[in-house]
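K.L.:
Read in order, the letters of the sequence shown correspond to residues 1 to 283 in UniProt numbering.
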Amino acid sequence: MSTSPKPRKKKPTLTLGIIARRAILWGFAIWCLFPIYWLINMSLKTAVDAVARPPTFLFWPTLTNYVEVLQDPRVSNFLVNSLVIALAATVFGLLIGAPAAYVLARHRFRGDSKIAFWILATRFTPPIAMLIPFFVIFFKLGLLGTHVGLIIAHVGINLAMIVWILRGFFQDLPRDLEEAAFIDGAGRFQAFRKVILPLALPGIAAVGILTFLSSWNEFLFSMVLGGNNVMTVPVGIYAYIGFEQIEWGKLSAAATLMLAPVLVFIMLFQRQLVRGLTLGAVK
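1) Excluding the 5 residues flanking isoleucine 36 on each side, which residues of the same chain have their C-beta closer than 8 Å to its C-beta?
2) Is the Cβ-Cβ distance between alanine 253 and asparagine 65 less than 7 Å?
3) For my contact list, residue 355 and valine 262 are in at a C-beta cut-off of 8 Å; report their separation, rounded to the angstrom.
4) Return the bridge partner residues of isoleucine 246 from the DSSP annotation.
5) Can you confirm whether the stretch 235 to 243 touches the stretch 114 to 125 when touching is taken to mean that 3 or more C-beta pairs between the two stretches lie within less than 8 Å?
6) Arginine 53 to threonine 46, Cα distance in whole Å?
7) Here's the rule: buried if 16 or more other CB atoms are within 10 angstroms of the residue's CB, otherwise exposed. What is serine 43?
8) In three-state terms, what does DSSP make of asparagine 229?
9) Can you have a look at threonine 125 and say buried or exposed, based on whether 16 or more other CB atoms are within 10 angstroms of its CB?
10) How do the stretch 127 to 135 and the stretch 182 to 196 stand: do at least 3 beta-carbon pairs fall below 8 Å, yes or no?
11) Alpha carbon to alpha carbon, how far is isoleucine 151 from proline 133?
12) Where does tryptophan 216 land, buried or exposed, given buried means 16+ other C-beta within 10 angstroms?
13) Whole angstroms is fine: what's the gap from arginine 167's alpha carbon to valine 51's?
14) Given a threshold of 16 other Cβ atoms within 10 Å of its Cβ, counted over all protein chains shown, does lysine 283 qualify as buried or as exposed?
15) Going residue by residue through the stretch 145 to 184, where are the continuous alpha helix (DSSP H) segments of at least 4 residues, counting only ones entirely within it?
16) Excluding sequence positions up to five away, which residues of its chain have a Cβ less than 6 Å from the Cβ of leucine 220?
17) Can you say whether glutamate 218 is buried or exposed, counting buried as having 16 or more other CB atoms within 10 angstroms of its CB?
18) Go to tryptophan 38, then tell me how far its alpha helix (DSSP H) extends in each direction, as first and last residue.
19) Take threonine 232 and list the residues in its own chain whose beta-carbon comes closer than 7 Å to its own, dropping the five residues that flank it on each side.
20) Using the three-state DSSP reduction, which class does tryptophan 216 fall into: helix, strand or coil?
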């Protein structure tokens, strides 16, 4: 019994338009990756090569900066503080923001659109303007320099983004699914927990990743509200910037080490992030 050979797929012919698009994409990728390359490059230089003018691209690499940073007992403390605060801020932000977004997406009441816009408008305020009220309130409550205080602050910072993005995800889900759950005897909360949340899980995962990254990279509130007691990664890296000199090698090595967990986190949840950000884009 003979089988006919499978037809070979024709390779797409390279046209001027395809070449131009690929060149633009490669140029954009190099533009985005060059800061990471420069950071790693600087972390492998000696103190003399780091401040050389013009910059040196050919040099003998050294791991001295990484050794000195890893031997610094403060580095592990910075990492633990950032992990605890970012994870807690993400979890509590989703627990508060997901139900709020669902209510704004599904229920119709007087002023619902104004409330949604007011939530978005909180992102228009400069962070420095919100920092002073936070500082005064936390000072009176004794929350300055505590993990709880920074978690509350980071939840407040990211809550508007969580609610606004999840509201769009919930609006894209058809109402027929909830109505079918109501016919089967489910209540509003059961329909939300058993029907809506599983369907919106990619969007929730994407928002959770964005919230985690926002909390991990936050500097201003962490520096002022955390102080010397609770120093996160961005604040801890800033300690390598002195009054008289900047330790470029150690600064770059510490930034590279602190960047590694974020890159691993993004690579592990890359599929969920892309799927969540494109949820509802294709009907």
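Glycine residues also receive a C-beta, built at the ideal position from the N, C-alpha and C atoms.
P.N.:
A quick look at the data gives this:
1) As a position in the sequence shown, residue 36 is number 36, starting the count at 1. Correct list, in chain order: Leu259.
2) Indexing the sequence shown from 1 puts residue 253 at position 253. Indexing the sequence shown from 1 puts residue 65 at position 65. Closer than 7 Å, so yes.
3) What is shown of the chain runs 1 to 283, which leaves residue 355 out entirely.
4) Here residue 246 corresponds to residue number 246 of the sequence shown, with the count starting at 1. Beta-bridge pairing links isoleucine 246 to Ile241.
5) no
6) Numbered from 1 along the sequence shown, position 53 holds the residue referred to as residue 53. Numbered from 1 along the sequence shown, position 46 holds the residue referred to as residue 46. C-alpha separation (whole angstroms): 14 Å.
7) Here residue 43 refers to the residue found at position 43 of the sequence shown. Serine 43 is buried by the Cβ-count criterion.
8) Taking the sequence shown and counting its residues from 1, the one referred to as residue 229 is at position 229. Coil.
9) To locate residue 125, count along the sequence shown from 1; it is residue 125. Counting Cβ neighbours within 10 Å, threonine 125 comes out exposed, since fewer than 16 surround it.
10) No, because fewer than three Cβ pairs between the stretch 127 to 135 and the stretch 182 to 196 fall closer than 8 Å, the two stretches do not touch.
11) Sequence index remark: in the sequence shown, residue 151 carries index 151 (1-based). Sequence index remark: in the sequence shown, residue 133 carries index 133 (1-based). Near 16 Å, if we compare the C-alpha coordinates of proline 133 and isoleucine 151.
12) Taking the first residue of the sequence shown as 1, we reach residue 216 at position 216. Answer is buried; the Cβ neighbour count reaches 16.
13) Taking the first residue of the sequence shown as 1, we reach residue 167 at position 167. Taking the first residue of the sequence shown as 1, we reach residue 51 at position 51. When rounded, the distance between both Cα atoms is 49 Å.
14) For the purposes of this step, residue 283 is taken as the residue at position 283 of the sequence shown. Summary for lysine 283: the model assigns pLDDT 44, below 50, so the residue's position carries little reliability; its value from the coordinates is reported in the next sentence. Burial call: exposed.
15) 147 to 172, 176 to 183
16) Along the sequence shown, one-based indexing puts residue 220 at 220. Correct list, in chain order: Pro127.
17) Indexing the sequence shown from 1 puts residue 218 at position 218. Glutamate 218 is buried by the Cβ-count criterion.
18) Mapped onto the sequence shown, residue 38 falls at position 38. It spans 16 to 43 - the alpha helix (DSSP H) in which tryptophan 38 sits, taken as one unbroken run.
19) Against the sequence shown, residue 232 aligns to sequence position 232. Cβ within range, chain order: Phe78, Asn81, Ser82, Ile85, Ser222, Gly226.
20) In the sequence shown, the residue the question calls residue 216 occupies position 216. It is helical.
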